[in-house]
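As numbered in our numbering, residues 186 to 1173 make up the sequence shown, in order. Down below is the structure, laid out as structure tokens.
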Amino acid sequence: MDGRTTGPVVTGTSAPLVGRRDALAALRGALAASRRDGFQFLALAGEPGAGKTRLLGELAAMAGGDGFTPLWGRAAEYEQMLPYSALVDALDDHLDARREEVVRTVGSGQAALLSGVFPGLAADDAPIGGALPGDEPALADDRSGLARYRLYRAVRHLVGGLAGTAGLLLVLDDVHWSDDGTLEFLDHVVRHPPAGPVLMAVAYRPAQAAPRVARLAAAAGPRGHEVAVGPLSAAEVRQFLGPDVSRGRGTALYEASGGNPFYLEALARMGGTDVTELPPTVLAALQVELGDLSPGALLVAQAAAVAADEFEPAVAAVAAEVPPAATLAALDELVERDIVRSAGGRFRFRHPLVRRAVYESAAAGWRLGAHARIAAHLAELGAPATVQAHHVEHSGSFGDRRAVEVLVDAARAVTAHAPATSAHWLQAALRLMPDDAAAREDRLALMLELSWAQGISGRLAEGRDTARELLRMLPEDDYPRRGRAARVCALMERQLDRPQEARALLLDELSRMPNPRAAAAVPMRMRLVAESMMRVDFRAAQAVLDLMPDNADDWEPGLAVAVAALRPMPALAARRTDDAMRYAEIAGKLLADAPDEHLSEWLDAIAWLCWAESYLGRYGEALRHFDRAAAVARSTGQTYILTNLLAGRAKTLVATGRLAEARATAEESVEGARLLDSGQQLVFALTQLCLAESWSGDDEAAVRAGEEAVRCGVGAGETWEATARYARGQALVNAGRFADGVEAVLDACNRFESPRVDPGTLLQACETLAYADASRETSTGVDAGAGTGVDAGAGTEAAARAAQWAALAVRLEEPRLPAYCGFAALARAHALSRQDPSAAAQAAEEAARLLAAGERRLDAGRALLTAGLAHLGVPGGRSRARENLRAAAEVFDSCGARALKARTERELRRLGVRVGGGATTAAGGEAARFGLSPRELEVALLVAEGLTNQQVAQRLFLSVRTVETHLSRIFAKLEVTSRVGVATALTR
């Protein structure tokens, strides 16, 4: 179907376009902007028949003339649940024709990922491009729902690759009928534009579109363009009709059509109809047009309307129950009457409204039979369940076990990348399944599967309702399964920001149990512990834990690990640091001994251990456990936990100064939370994205993320909501907005009266406040030198406040938490920076030593910067200042802290040190010394630490194949043949 790669298959007429001067100017402007500035998003909004498709055809012609590659697809009214149908329609033939080129462009790993959606990239009998297993996890291997995020990134990369330097126009028509996956991709791509000259144009009907469609152009910001396609004017209608139509009839046609071009054209085809008898609606006009068809042609048209938006003659023949030759003859008549139009070896209706009119002209019973005939035909051909499902859904009868089997198979095939479609087909299967004793267990299992699919598709309320229905169906004495169902319900209530309902549900279910301390009750009691900790009621959490043993003979595997994983956090909150450390050690050992299959049921509890380890400064253990739990969450489809784990991992990476990884991880968490549509998880994710962006130096993005997190308005009175406000305050301070930042940090910490943030964050808040006030003192001090006494007084007040924060930090410091021990010293350095630079430098150097020992590289670098600046105020301190500033620049460069590195280098230049081009960076210097690129050095260092290729890939967010490629180059450059040789070479 090469026609689809060069323009729309439904434009239909070569008549010149009438009117639309402003719309055409907007199209030309968007195309020019795409050529000049890169990605642009264009939305055409208008009622049915307004001429959106015709305008898109004009845009395709413009783009083709300008060297762009136009690709065109559209969604269909009767196939709205088919995953990514518009994208597949637009891209698949193009990909099929250029498969090898596409694989070279996007890489074999991403091509394998994309092949799960685009059949044109699916290998016939071998992995794409020789891709190895594990090169890029297959969609089916990631059941978390975040496979969609990986898919959207891959499609974005694909689109950028197809654009190249020449440009790409990607048209998606009728997106008001698109499935959830397509709409999610559009939402993703406007916020994360592809590279290169790409113009993405969509058309939709406002009255039939979801609100998210109407927001797309605005979400694209300056890259977005919205064009309203309205009716033609009376003068334009006269021009459209031409001189052969009398003025009186033209006026009547204009008044009857309201200037709608499609309706106008349909009326104009009725040349012999008296103006007083014109049909009142466009569908009525189309029914008149269909009435002129021969019975055989109408039958084939109806069969085609049942078959698909774009259909093959053979399928239409099966549905119509007519011979192939008769079908082709009927199609000749339909093409002649412009009911359908040829599209290569297939056919398409000239407009969706025509298909709808034809479909509705057929009797409902006949349509059911046509769907059944097509379903049987597809089954005989061995078509995948996903291809059969649409027709099976419309023709299956109650109790039809084969229909149920097809729908369930289809649902499971698309769960990873299209969970909303999966949920739809599961619901269809349940409608056909008998509700009797023989099928009861299967029905219960399917309902649990449905609840999960609804949850990961972002329909948490529906998933919660399904889980509650499942709970009602379970026997009263089936305590183990009722306990699991109640726990799932409570988890979903929590994601919906309904903690009171979650707690009430758990307590009600526990009250039904004859022995609330039995093994079946433990999972719900654990959930109560988690709910208490989320409410910052650690005493209540500890009280429940105190009544729970560490293990019992009747506990199922993994339960002891889960209980142990909950114990560190309440101990840490109660400042029983030694107990918290001991509990973390015990839980870590149990976790190491447990196989993955024993963990999947209890990931929500294990997440608490991961976060506790991060708060305790056990960063290595935290990252190891975050990564393992995330892998299990992906493979078992627990999106609501995966997004939380990714947020915690990002927090830990920020603490250890691995900012590039932190940003990538936080962004994945944000995308997952958006797909899940959970306000709670979105706040978790945005908080860490705010901090990662802020320390990376992107103040605008950081403040934007922080403000969105606070604006979500969920979690009032809980730790994570207060932490979001703290992150926003930190971002404001880092952006130089000291007054706003100080107020935000104080508000987040409740002005240190019963604060709801963790002890480590409180210490960091003290240091941040001391820094902000010291910085305000410096700025007012400059003004005071100009003779403004008021400013001098303000500077003195700021210095006093900085000293107060430093003193508070000393009181809050916990010596048994080495990761945080340097913050008090750093706060003291800020407070002393103007009055006693020598003491400030000494305090900052001590802070740098302590923070480095606690594995907080970025904060150690900030302490070195503070020390360097303080030494500038000490007589004879310039040499020491240079030493500290050079060390700080190296740390910032290795961490990816661009703004801090730039500031440090400015100070070095003032001292006469030549910097720039990476001259001050340890990583860059080491890479050059070994003849490696910076990325190759990163890989080599991790290999030298003993990490496997898979672990390196996960750490650096690369595919295993990319790691293998880097490693082969590293071997050649270092002239070694083994991983041991790499480690030896790096230590020479």
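Where is the CB? At the ideal position from N, CA and C, for every residue including glycine. Fair warning: this is a prediction, and the values are worked out from it, not measured in the lab.
What residues match up with residue i in a beta bridge as DSSP calls it?
i, result
"His410", "Leu227"
"Arg259", "Asp358"
"Val387", "Ala228 and Leu357"
"Thr254", "Leu353"
Going by beta-carbon coordinates alone, are residue i and residue j separated by less than 8 Å?
i, j, result
"Ala1009", "Ala1029", "no"
"Val1229", "Arg1164", "A query on residue 1229 cannot be resolved here, the shown segment of the chain reaching from 186 to 1173 and no further."
"Leu611", "Val599", "no"
"Ala555", "Gln573", "no"
"Thr837", "Phe869", "no"
"Pro446", "Gly234", "yes"
"Leu757", "Tyr825", "no"
"Leu475", "Ser546", "yes"
"Ala877", "Val927", "no"
"Val582", "Val383", "It should be pointed out that residue 582 corresponds to Ser in this sequence rather than to Val. For Ser582 and Val383, no; Cβs fall outside 8 Å."
"Gly1053", "Glu1092", "yes"
"Leu691", "Arg712", "yes"
"Ala230", "Ala469", "no"
"Leu354", "Ala248", "yes"
"Arg259", "Asp372", "no"
"Ala759", "Leu775", "no"
"Ala957", "Phe923", "yes"
"Pro944", "Glu903", "no"
"Leu272", "Leu306", "no"
"Met719", "Arg672", "no"
"Arg762", "Leu1002", "In the sequence as presented, Arg is not what sits at residue 762; that position holds Thr. Cβ distance < 8 Å, so Thr762 and Leu1002 count as in contact."
When the Cα atoms are used, what is the spatial distance from residue i to residue j?
i, j, result
"Gly352", "Gln295", "21 Å"
"Ala261", "Ala211", "26 Å"
"Asp650", "Leu202", "51 Å"
"Pro747", "Glu694", "Looking at the sequence provided, one finds Ala at residue 747 rather than Pro. For Ala747 and Glu694, the distance between alpha carbons rounds to 20 Å."
"Thr1089", "Ala1045", "14 Å"
"Val1167", "Ala1074", "27 Å"
"Pro1022", "Val942", "32 Å"
"Gln424", "Gly204", "9 Å"
"Pro268", "Ser881", "37 Å"
"Gly1109", "Ala1072", "Confidence in Gly1109 is poor, its pLDDT being 46 and thus under 50, which makes the residue's placement unreliable; the coordinate value appears in the next sentence. Roughly 14 Å between the two C-alpha positions."
"Ala502", "Glu495", "14 Å"
"Arg679", "Leu831", "18 Å"
"Pro537", "Ala297", "33 Å"
"Leu751", "Pro734", "12 Å"
"Ala504", "Ala451", "27 Å"
"Leu276", "Ala405", "22 Å"
"Ala564", "Asp682", "45 Å"
"Met455", "Val577", "38 Å"
"Ala394", "Glu634", "29 Å"
With residue i and residue j assumed to form a contact (beta carbons below 8 Å), what rounded beta-carbon distance in angstroms separates them?
i, j, result
"Phe226", "Met385", "5 Å"
"Gly409", "Ala380", "Incorrect: roughly 18 Å between the Cβ atoms, too far for contact."
"Leu615", "Ser580", "With 8 Å as the limit, Leu615 and Ser580 do not qualify as a contact, their Cβ atoms being about 17 Å apart."
"Gly833", "Cys795", "5 Å"
"Ala402", "Ala228", "4 Å"
"Ser1018", "Ala1066", "Actually they are not in contact, since the Cβ atoms of Ser1018 and Ala1066 sit about 13 Å apart, beyond 8 Å."
"Arg333", "Gly366", "7 Å"
"Ser270", "Asp364", "7 Å"
"Leu931", "Leu997", "That belief does not hold up - the Cβ atoms of Leu931 and Leu997 are roughly 15 Å apart, past 8 Å."
"Arg859", "Gly891", "Not confirmed; about 16 Å, so no contact."
"Leu256", "Val356", "7 Å"
"Cys1080", "Gly842", "4 Å"
Can residue i be considered in contact with the ligand SAH, in the sense that its beta carbon sits closer than 7 Å to one or more heavy atoms?
i, result
"Ala228", "The ligand SAH is not part of the structure shown, which contains no ligands of any sort."
Using a Cβ cut-off of 8 Å (strictly closer), state whether residue i contacts chain C.
i, result
"Trp257", "No chain C appears in this structure, which consists of one protein chain only."
Self-check item: Any beta strand (DSSP E) of 3 or more consecutive residues that is wholly inside the segment 478 to 550
Solution: 525 to 528 and 531 to 534
Practice problem: Output the residue ranges of the alpha helix (DSSP H) runs that lie fully inside the segment 673 to 712 and measure 4 residues or longer, sorted by chain position. | Solution: 684 to 696
Quiz prompt | Start-end ranges of the alpha helix (DSSP H) lying completely within the segment 882 to 945, minimum 4 residues | solution = 884 to 896, 904 to 919 and 923 to 933
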